[in-house]
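One structure below.
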Amino acid sequence: MTDTLLEPAAEATTTDPLFQPISIRELTLRNRVSMSPMTRYHSPDGVPGADVASYYQRRAEAGVGLIVTEGVGIDHLTSVDDPAIPHMYGKAALEGWRRVTDAVRAAGGRIFPQLWHQGPLRDPARSNRPDLVGSRPSGHWGKAGHTSYGDDYVDAMRAPTQPMSTGEIADIIAAFAGAARNAMEAGFDGVALHGGHGYLIDSFLWHETNHRDDRYGGDSARRAAFAAEIVAVVRAEIGNAPIMFRFSQHKQQDYGARLGETPEELGALLVPLAEAGVDLFDASGRVFDRPAFEGSNLSLAGWAKKLTGKPTVAIGGIGLGNGLGETLSGSSETKPLDNLQAARDAIARQEFDMAGVGRAILNDPQWVERVRTGQPFIPFDRANLGRLS
Ligand SMILES: Cc1cc2nc3c(=O)[nH]c(=O)nc-3n(C[C@H](O)[C@H](O)[C@H](O)COP(=O)(O)O)c2cc1C
65 MTDTLLEPAA EATTTDPLFQ PISIRELTLR NRVSMSPMTR YHSPDGVPGA
115 DVASYYQRRA EAGVGLIVTE GVGIDHLTSV DDPAIPHMYG KAALEGWRRV
165 TDAVRAAGGR IFPQLWHQGP LRDPARSNRP DLVGSRPSGH WGKAGHTSYG
215 DDYVDAMRAP TQPMSTGEIA DIIAAFAGAA RNAMEAGFDG VALHGGHGYL
265 IDSFLWHETN HRDDRYGGDS ARRAAFAAEI VAVVRAEIGN APIMFRFSQH
315 KQQDYGARLG ETPEELGALL VPLAEAGVDL FDASGRVFDR PAFEGSNLSL
365 AGWAKKLTGK PTVAIGGIGL GNGLGETLSG SSETKPLDNL QAARDAIARQ
415 EFDMAGVGRA ILNDPQWVER VRTGQPFIPF DRANLGRLS
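Start counting the sequence shown at 65; every next residue gets the next number (this note's numbering).
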């Protein structure tokens, strides 16, 4: 990542790679900027209200090409913990989402919900069902490493639980299918699946949390089977609409964890997902253009594209001078930074296809318009991590 310019370059022409349209299946996005999913905790009883609609509408009005919503719970008892996380089932929530999708579409935007099951990371104490522990492939929380969770919390969460039964696995796969069907009914343009950060789908992919010896565990192909089955049932529900899949090397349990030590290991997990129907991989990282493996300059998104042949989104620190971990821990001040040329160059040489932007768009609803018209970025206000505006 470069760290020289403080203001965005004035490249508001149609030759700017960031502002070229892109088609994913039959869906055309007006530009290459994807708003990354960010949990807001502003949907009481799982129902997104008018304030959630206007929050996304403002980003669409400012020109975001693709909005990916905050994580949204599927219809399963242990999908998400906090009751203010929105969900994708029930009349009230679906009416709320319809208001969101109408508002985004009226502003020329496109929007996918990020369907979410928290798996090992669901905190019973935060939920209104504290008697239920989180669903875990083998009962393991994961190997704790460099994490922002406190020691007491980690100790409590690490207590082993019952491995998931095949019946529970089938119920959850069906719940993803139901959520995808509901999302289409509520007017979404496609579906994003949260397959990263140590949550349920990722906990099947990750060797530290998946010790199963049935068809969902063992070698990479079997660890990918749960995710691949979800992708396949979602495809069956949503026809030709796009499926986006987020994956990450890092986990909330351990920012230093790696899903694949080598490109081959990563490919062995991602290729079956592409074959099952993923159209767009969302390569969640801390620094979007950092080389993912020794011996090559390719970023994580670059590798995902090379390995699967699918379009990819690069994420991590776009428009800002540090990573999310530093913002959360306060270990360095988060400042605006024009590091967009590296993203433009990577898109132009087809290393990856889109720029995923989290904190910068959360901080400033007008961020994409500022980039397009060459206006300076505004200062980052940490309080915006929690606000809904
Ligand atoms: C407040 C906040 C909430 C987040 N919630 C989610 C989430 O629900 N799902 C997800 O996949 N990532 C989530 N993330 C991670 C972002 O999508 C993104 O990957 C991360 O912030 C790195 O991008 P950035 O450097 O542009 O901020 C969240 C990030 C923030 C700041």
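All C-beta atoms, glycine included, are put in the ideal place defined by N, C-alpha and C.
Assign residue i to buried or exposed, taking buried as 16 or more other Cβ atoms, counted over all protein chains shown, within 10 Å of its Cβ.
i, result
"LEU69", "Caution is warranted here: a pLDDT of 37 is assigned to LEU69, below 50, making its placement in the model unreliable, and the coordinate value is therefore given only provisionally. With fewer than 16 Cβ atoms within 10 Å of its Cβ, LEU69 is classed as exposed."
"LEU392", "exposed"
"GLY450", "exposed"
"ALA374", "Before going further, note that residue 374 is Lys rather than Ala in the sequence given. So LYS374 counts as buried."
"GLY320", "exposed"
"ARG163", "buried"
"LYS155", "exposed"
"ASP343", "buried"
"SER348", "buried"
"THR372", "buried"
"GLY359", "exposed"
"HIS181", "buried"
"LEU141", "exposed"
"PRO224", "exposed"
Could you name the residues of the same chain whose beta carbon sits closer than 7 Å to that of residue i, not counting the 5 residues immediately before and after it, in chain order?
i, result
"LEU337", "ALA288, ALA291, ALA292, VAL295 and PHE309"
"ARG408", "ASP80, PRO81 and LEU82"
"THR165", "ILE175, ALA250, GLY251 and PHE252"
"LYS207", "GLU272, GLN317 and ASP318"
"GLY386", "Per the sequence presented here, residue 386 reads as Asn, with Gly not at that position. Closer than 7 Å at Cβ, skipping near neighbours: SER396 and THR398."
"ALA340", "ALA292, VAL295 and ALA296"
Could you please give me the residues that DSSP links to residue i through a beta bridge?
i, result
"HIS258", "ARG310"
"SER267", "DSSP lists no partner for SER267."
"MET99", "ILE131 and VAL421"
"GLY137", "HIS151 and TRP180"
"ALA291", "According to DSSP, which records beta bridges pairwise, ALA291 is partnered with nothing at all."
"ASP346", "ARG310 and VAL377"
"ILE382", "According to DSSP, ILE382 bridges with nothing at all."
"SER363", "SER363 pairs with nothing; no bridge assigned."
"THR92", "SER87"
"ILE175", "ILE131"
"LYS207", "The partner list for LYS207 (beta bridge, DSSP) is empty, contrary to what the question assumes."
If we ignore side chains and look at the alpha-carbon of each, how far apart do residue i and residue j end up?
i, j, result
"ARG89", "VAL297", "18 Å"
"LEU485", "ARG96", "The structure shown does not extend to residue 485, since the chain spans only 65 to 453, so no value can be given for it."
"ASP215", "GLY203", "19 Å"
"MET418", "PRO440", "22 Å"
"PRO400", "ALA412", "23 Å"
"GLY99", "ARG123", "The identity of residue 99 in the sequence shown is Met, whereas the question assumes Gly. Rounded to whole angstroms, MET99 to ARG123 spans 8 Å at the Cα level."
"TYR217", "ALA447", "24 Å"
"ARG186", "LEU269", "17 Å"
"THR437", "GLY254", "29 Å"
"PRO108", "ASP146", "9 Å"
"GLU415", "VAL432", "21 Å"
"ALA171", "ASN274", "43 Å"
"ILE265", "PRO443", "35 Å"
"GLY198", "THR133", "23 Å"
"LEU196", "PRO150", "19 Å"
"VAL351", "GLY381", "5 Å"
"PRO112", "PRO101", "15 Å"
"ASP445", "ARG286", "44 Å"
Does any C-beta atom of chain C lie closer than 9 Å to the C-beta of residue i?
i, result
"PRO440", "In the structure shown, chain C cannot be found, because there is only a single protein chain."
Only counting the same chain, and skipping five residues up and downstream in sequence, which positions put a Cβ closer than 6 Å to that of residue i?
i, result
"TRP367", "PRO327 and ALA356"
"ALA126", "PRO429, GLN430, VAL432 and GLU433"
"TYR120", "ILE131, VAL164 and VAL168"
Flag this pair as touching only if the stretch 193-210 and the stretch 221-228 have three or more C-beta atom pairs under 8 Å; answer yes or no. yes
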